[in-house]
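For reference, the structure is listed below as structure tokens.
Number of protein chains: 2
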Amino acid sequence: MSKMQKEHTLTKNQQIVFDLVEKSSEPLKAYSILFNVQKKGIKAPLQVYRALDRLVEIGKIHKIESRNAFIACHNSSCQVAKATAFSICEICEKVTEISSAGLSKYLTNFKDKDGMKYSKYNLEFFGLCKKCR
Amino acid sequence: MSKMQKEHTLTKNQQIVFDLVEKSSEPLKAYSILFNVQKKGIKAPLQVYRALDRLVEIGKIHKIESRNAFIACHNSSCQVAKATAFSICEICEKVTEISSAGLSKYLTNFKDKDGMKYSKYNLEFFGLCKKCR
DNA sequence: CTTTCTAATGTTATATTATTACATAACGTT
DNA sequence: AACGTTATGTAATAATATAACATTAGAAAG
Ligand SMILES: [Zn+2]
Ligand SMILES: [Zn+2]
Ligand SMILES: [Zn+2]
Ligand SMILES: [Zn+2]
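Protein chains in written order, with this note's numbering: chain A, 993 to 1125; chain B, 993 to 1125.
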């Protein structure tokens, strides 16, 4: 257990939802998650949304805002919970979390004209993936 | 009429929706727009969504994905339709379109590890605005 | 001017995404 | 055990968005 990273013990529902999102190769939508965890005893949307909210908060998963879908973090988790970047293929809808030190440094240090500094950002790139080009 | 910028004549519904969004100081949600244009004869969600879709497409307005809300472009329109950046105050929900040549240059030229180049991006920064700090 | 094609509109119904409200249970602390 | 806090369960409903199909308005061709 790294000292750099706070541990978060997942509760039952959080673990169930996380396991599903984590093993999915594509972003999952809330109601698709709900459907897939009903055999595990989760019955209502709210149970899913509560788990998702918490998982997002602790950085285990991210929400792809333009798609209303959730993907597990593949960037050493929590550290980038508040600084996310994704590439999204507009044809096959494949989503990849971008891990670029340069990009995150640039954006983390970005100040607007008012000198406003931000505590969080989300960036979504759109284009065609290798396969779809 | 500038030669640099394609003109898009708005249709009746598009103009009605645009006028409302354009004079609003804050991002508007689709159903709030619907409510406010009913006196102009627009009766159904779909009429609003169709107008919004088209207005986004031609760059007259942008969608703030994390808020499901729409704001008029304040960046010389169409030119940045596919390269948008916003700052969002997490307290008062004030949204400002960021106009930074450096930022847009950096992101437009950004290539990921696979050398994938993107045709479009949307960036949302979160923090506290001057007033809320 | 009339035909034809296309884009926009109107309308109803429905799908999808997300939250409110309130009751109950589990858990850690004292 | 008593208390406060966090997580759960459950039902109802709100908010966001699209499907399907009929009609109308405009542009372009003949
Ligand atoms: Zn991540
Ligand atoms: Zn693709
Ligand atoms: Zn703009
Ligand atoms: Zn503010």
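We treat Cβ as the ideally placed atom computed from N, Cα and C, and that holds for glycine. Fair warning: this is a prediction, and the values are worked out from it, not measured in the lab.
Counting only Cβ-Cβ distances below 7 Å, A/E1057 has contacts in chain B at E1057 and S1058, in chain order. Taking 4 residues as the minimum length, the alpha helix (DSSP H) runs contained wholly in the region 1066-1110 of chain B are 1093-1100, in order along the chain.
Relative to the Cα of A/E1014, the nearest Cα in the group A/R1046, A/H1000 and A/H1066 belongs to A/H1066. When A/K1074, A/Y1041, A/G1119 and A/K1086 are compared, the shortest CA-CA separation from A/K1097 is found for A/K1074. In the three-state reduction of the DSSP assignment, A/K1112 falls in the strand class, which pools E and B. Proximity to A/Y1113 across B/D1106, B/G1107 and B/F1078 peaks at B/F1078, based on C-alpha coordinates. For A/L1002, the CB stays at least 7 Å from every heavy atom of ligand 2. The beta carbons of B/L1038 and B/Q1006 sit no closer together than 8 Å. If you draw a 10 Å sphere on the C-beta of B/E1018, you find fewer than 16 other C-beta atoms in it, and that means exposed. If you draw a 10 Å sphere on the C-beta of A/T1001, you find fewer than 16 other C-beta atoms in it, and that means exposed. Boundaries around A/A1022 are those of the alpha helix (DSSP H), A1022 to V1029, since no beta strand (DSSP E) includes it. Contact between A/V1087 and A/I1056 holds: their C-beta atoms lie close to 6 Å from each other, under 8 Å.
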